[in-house]
Amino acid sequence: MEYEVIVIDGYCNICNKFSQFIVKYDINNKYKISDFDSLFSKQNNLELKKINSIVLVKKDKSILKNSIALKSIFYNIPKLKPLYYIMKITPEFISDFVYRAVANNRYSLFGKRQSCSISSKKNDKFIN
């Protein structure tokens, strides 16, 4: 792969806002974005609904999830670099705890869409 793929929950409002932010600020075109239900997820045997997490599929097809995935993404997006440094000094078990707390309650905290909006977007950053 020529790029890394961020796979998110296309029904989650915070995930959608995050994907819009990535589209706007990924100035090095390092990332593409996909969703849990996409053809990409199925072809790569990603059982993401069971993972309940953002997933980053690296160029070598290795998979990062939870706060490790976010930290990697934050490092590569200049506007998010300060968050990377905060996460770098935070113990991983704390970052993962906070990440899981938000992920497990994302619909009640941020709302849920009726349909996946990622797969319906016409943008070269989004892959099905």
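When we follow my numbering, the leftmost residue of the sequence shown carries the number 55, and every step to the right adds one. Glycine is no exception: its CB is placed at the ideal position from the N, C-alpha and C atoms.
Of the residues the options, the one placed nearest residue i, counting alpha carbons only
i    : options              : result
S88  : V77, Y161, V61, Y129 : V61
K133 : F164, N82, S116      : N82
I68  : S107, K115, Y129     : S107
I181 : K78, D63, S92, N130  : S92
Q74  : I122, N98, I131      : I131
F147 : D80, I122, K71       : I122
K142 : L124, V156, N158     : L124
E56  : V77, K115, Q97, N158 : K115
Residue i, DSSP secondary structure in three states
i    : result
Y129 : helix
S88  : strand
K96  : helix
D80  : coil
Residues of its chain near residue i, where Cβ-Cβ distance is below 7 Å and the 5 sequence neighbours each way are ignored
i    : result
E58  : K84, Y85, L110, V111, K112, K113
S126 : L110, L118
F164 : C66, N67, I68
R160 : C66, I68
Residues near residue i in its chain [Cβ-Cβ closer than 8 Å; skip 5 each side]
i   : result
S95 : V61, S88, D89, L102
Residues near residue i in its chain [Cβ-Cβ closer than 6 Å; skip 5 each side]
i    : result
F128 : L134, L137, Y138
N120 : S107, D150, Y153
K166 : Y65
F72  : none
V77  : K179
DSSP bridge partner residues for residue i (one or two, in chain order)
i    : result
L110 : I60, L118
C66  : K166
F180 : I87
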